[in-house]
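**Q** Structure provided below as structure tokens; questions to follow.
Numbering (my numbering), first residue to last: 9 to 223.
Here you go:
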């Protein structure tokens, strides 16, 4: 993606920043062995910021193809020109910045889990809960992953790429008490992908035991 952005930003006049972002999301929810939600989505787009005639203009569009990139650049330049016409302002030479590059890719080095393997994580946890704590009214498990992928280039030669994931598992247990339903939940996970956070379920089951002990 960086190469595509560089190809476009190299053709523009004046200082320009071109960004791309995509959010990769996964969400699964299971209640007492029944899979209620199994979603995966990807959404993203491009944005451009251009300096023209003493003003900055910004624009963003969905998509990541050449038409979206060209459109964002064109609209950003037009917005800068519109602002300058309406508000005025003198042309100013922006300070020069040294070119630089960075890459911050934190995707998992472990084999990618298939959709059925992600479901199997919840099934294994749910089965362990059902066997050990049959008196629960409900046990809800929500497995979620979100990875933010970004790329940025500038007309002065700076470029950076990042892929930053996080994964969480929400465990909610409910038991019937004398005075009504009692529910407690815990959230596990954090930085990394599902493959990193939940390849070993032993710590997860320990947290389930601790959560049940508090009910």
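For every residue, glycine included, the Cβ atom is placed at its ideal position computed from N, Cα and C.
Determine the direct distance from the alpha carbon of residue 109 to that of residue 100, and round the result to whole angstroms.
**A** Translated into the one-based positions of the chain shown, residue 100 becomes position 92. Translated into the one-based positions of the chain shown, residue 109 becomes position 101. So the two alpha carbons sit approximately 26 angstroms from each other.
**Q** Between 171, 222, 154, which has its C-alpha nearest residue 36's C-alpha?
**A** For this step, residue 36 is matched to residue 28 along the chain shown. Measuring from the Cα of residue 36, the nearest candidate turns out to be 154.
**Q** Report all residues from its chain with a CB closer than 8 angstroms to the CB of residue 113; omit the five preceding and five following residues, and keep chain order.
**A** For this step, residue 113 is matched to residue 105 along the chain shown. Cβ within range, chain order: 169, 170, 171.
**Q** Count the other C-beta atoms from every protein chain shown that fall within 10 angstroms of the C-beta of residue 57, then say buried if there are 16 or more, exposed otherwise.
**A** Your numbering for residue 57 matches position 49 in the chain shown. By the 10 Å Cβ count, residue 57 comes out buried.
**Q** On the DSSP bridge list, what partners appear for residue 114?
**A** Locating residue 114 in the chain shown gives position 106, where the first residue counts as 1. Its beta-bridge partners do not exist; DSSP assigns none.
**Q** For the structure I just gave you, are there three or more beta carbon pairs, one from the segment 196-214 and one from the segment 125-145, closer than 8 angstroms?
**A** yes
**Q** Determine the DSSP secondary structure at residue 74, reduced to helix, strand or coil.
**A** Numbered from 1 along the chain shown, position 66 holds the residue referred to as residue 74. Note: residue 74 maps to helix in three-state DSSP.
**Q** So what's residue 50 in DSSP terms, helix, strand or just coil?
**A** What you label residue 50 is simply residue 42 of the chain shown in a count that begins at 1. It is a strand residue.
**Q** Pair every Cβ in the segment 22-35 with every Cβ in the segment 57-74, then say whether three or more of these pairs are closer than 8 angstroms.
**A** yes
**Q** Let me make sure I understand the geometry here. Which of 173, 182, 131 has the alpha-carbon closest to that of residue 143?
**A** Mapped onto the chain shown, residue 143 falls at position 135. For the residues 173, 182, 131, the minimum Cα distance to residue 143 belongs to 182.
**Q** Going by C-alpha to C-alpha distance, which of 196, 148, 140 sits closest to residue 217?
**A** In the chain shown, the residue the question calls residue 217 occupies position 209. Ranking the options by Cα distance to residue 217, first place goes to 140.
**Q** Could you check the C-alpha separation between residue 166 and residue 106 for me, to the nearest Å?
**A** As a working mapping, residue 166 is identified with position 158 in the chain shown. As a working mapping, residue 106 is identified with position 98 in the chain shown. Rounded to the nearest angstrom, the two C-alpha atoms are 8 angstroms apart.
**Q** Would you call the CB atoms of residue 179 and residue 130 closer than 8 angstroms?
**A** Translated into positions along the chain shown, residue 179 becomes position 171. Translated into positions along the chain shown, residue 130 becomes position 122. Taking 8 angstroms as the cut-off, the beta carbon of residue 179 is found no closer than this to the beta carbon of residue 130.
**Q** Alpha carbon to alpha carbon, how far is residue 177 from residue 132?
**A** The residue you call residue 177 lines up with position 169 of the chain shown. The residue you call residue 132 lines up with position 124 of the chain shown. The straight-line gap from Cα to Cα measures roughly 13 angstroms.
**Q** Can you give me the Cβ contacts of residue 199 inside the same chain, cut-off strictly under 7 angstroms, excluding the 5 residues immediately before and after it?
**A** As a first step, residue 199 must be located in the chain shown, where it is residue number 191. Once the five neighbours on either side are set aside, the close Cβ partners of residue 199 are 174.
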